[in-house]
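Heads up: the sequence shown begins at 173 in the working numbering, then just goes up one per residue.
Cβ coordinates follow ideal geometry from the N, Cα and C atoms, glycine included.
Just so we're clear, the structure is a prediction, and the values are computed from it rather than from any experiment.
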Amino acid sequence: WVQCGRDAGARYAVLTAKHHAGFALWPTAHGDYGVRQSPVAGRDIVGEFVAACRRRGVLPGLYYALWENHHELD
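This is the structure in structure tokens:
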């Protein structure tokens, strides 16, 4: 995807690292809803995204939702 974006003229790409639904795309030990509990459990999707951007000369950006609705606050 990064290559397609670059070929189309993109200078940066943004990945949702943590969605407002609470899902985290890196193997964090904090929380029970993320890539560690998914079928791709050994991967760091955020790290792979950043590496792909750097290889192709595209600036990586990350969106991290502070508020999320997976864990309720008491």
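*asked:* Can you find the residues in the same chain that come closer than 8 Å, C-beta to C-beta, to residue 219, ignoring five residues on each side of it along the sequence?
replied: By one-based count along the sequence shown, residue 219 stands at place 47. So the qualifying residues of the chain are 198.
*Determine which residues share a DSSP beta bridge with residue 223 and list them.*
Within the sequence shown, residue 223 is the residue found at index 51, counting from 1. DSSP, once it has assigned bridges, lists no residue as partnering residue 223.
*In chain order, what residues of the same chain have a beta carbon less than 6 Å from the beta carbon of residue 178, not counting five sequence neighbours either side?*
Here residue 178 is taken as the residue at index 6 of the sequence shown, counted from 1. 228 and 230.
*residue 239 versus residue 189: straight-line alpha-carbon distance, rounded*: Taking the first residue of the sequence shown as 1, we reach residue 239 at position 67. Taking the first residue of the sequence shown as 1, we reach residue 189 at position 17. One C-alpha to the other measures close to 13 Å.
*What is the DSSP secondary structure of residue 206, reduced to helix, strand or coil?*
Residue 206 sits at position 34 when you count from the first residue of the sequence shown. Residue 206 falls in the strand class under three-state DSSP.
*Is residue 218 helix, strand or coil when you go by DSSP?*
Position 46 of the sequence shown, counted from the start, is the residue given in the question as residue 218. Looking at residue 218 - three-state DSSP - the assignment turns out to be helix.
*Leaving out five residues before and five after residue 150 in sequence, what residues of the same chain have Cβ atoms less than 7 Å from its Cβ?*
Because the chain in this structure spans residues 173 to 246, residue 150 falls outside the shown range and cannot be described.
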